[in-house]
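A short worksheet on the structure shown next.
Numbering (my numbering), first residue to last: 192 to 359.
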């Protein structure tokens, strides 16, 4: 969403919020819908399945990409600077470690099967998640607020897929 994130694109190239938006766009471009054999693309489709300990079931890299990368990242708080930590920021701070756990599980499976395409995407998504986490924390700190302490949720599946029991 370049329009809503336009002020972030005007920040210096080294600014973490700008880098977060760009990293997300690159993850979306390079890692989503890659399991599909697109005619004429000349590219081999790729995916990776594994048994997720976090979710307690089989999961696939493509499912991860659609659920957690294929969305419009709008960093509203960087544009509006609300005088409080938003629910969205707290939710993201809770979810990001869970996403890292899923990626680490996927990465182990990709290493075992020597799936270099998924390994590359996993590294790219880890970098995005690191930037996203850092940008949330920096916004909160720069606006003079206290970064909330987040705990691992009792039910990670519910946290990752709220209101969507069909995904578990």
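Even glycine gets a Cβ: it sits at the ideal position worked out from N, Cα and C.
Checklist entry - Could you check where the beta strand (DSSP E) with residue 243 kicks off and where it finishes? => result 240 to 243
Checklist entry - For the beta strand (DSSP E) that contains residue 249, what are its first and last residues? => result 248 to 251
Next on the checklist: Please identify the residue among 328, 302, 286, 313 whose C-alpha is closest to the C-alpha of residue 345.
Outcome noted: 286
Item to check | Three or more C-beta pairs below 8 Å linking the region 224 to 240 and the region 329 to 346 | outcome: no
Checklist entry - How would you write the range of the alpha helix (DSSP H) that residue 363 sits in, first residue to last? => result Residue 363 lies beyond the residue range present for the chain, which begins at 192 and ends at 359; the question has no answer from this structure.
Checklist entry - Looking at the structure shown, is residue 361 part of a helix, part of a strand, or coil, going by DSSP? => result Since the displayed the chain opens at 192 and closes at 359, residue 361 lies outside it and no answer follows.
Checklist entry - Which residue from 343, 241, 327 puts its Cα closest to that of residue 269? => result 327
Checklist entry - Going straight from the alpha carbon of residue 218 to that of residue 335, what length do you get? => result 31 Å
Checklist entry - By a C-beta neighbour count over all protein chains shown, 10 Å radius and 16 as the cutoff for buried, is residue 235 buried or exposed? => result exposed
Item to check | Residues near residue 206 by beta carbon distance below 8 Å, same chain, minus five either side | outcome: 199
Checklist entry - Smallest Cα separation from residue 277: which of 339, 350, 209? => result 339
Item to check | Endpoints, the alpha helix (DSSP H) within which residue 219 is located | outcome: 207 to 222
Item to check | Rounded C-alpha distance that separates residue 244 from residue 296 | outcome: 8 Å
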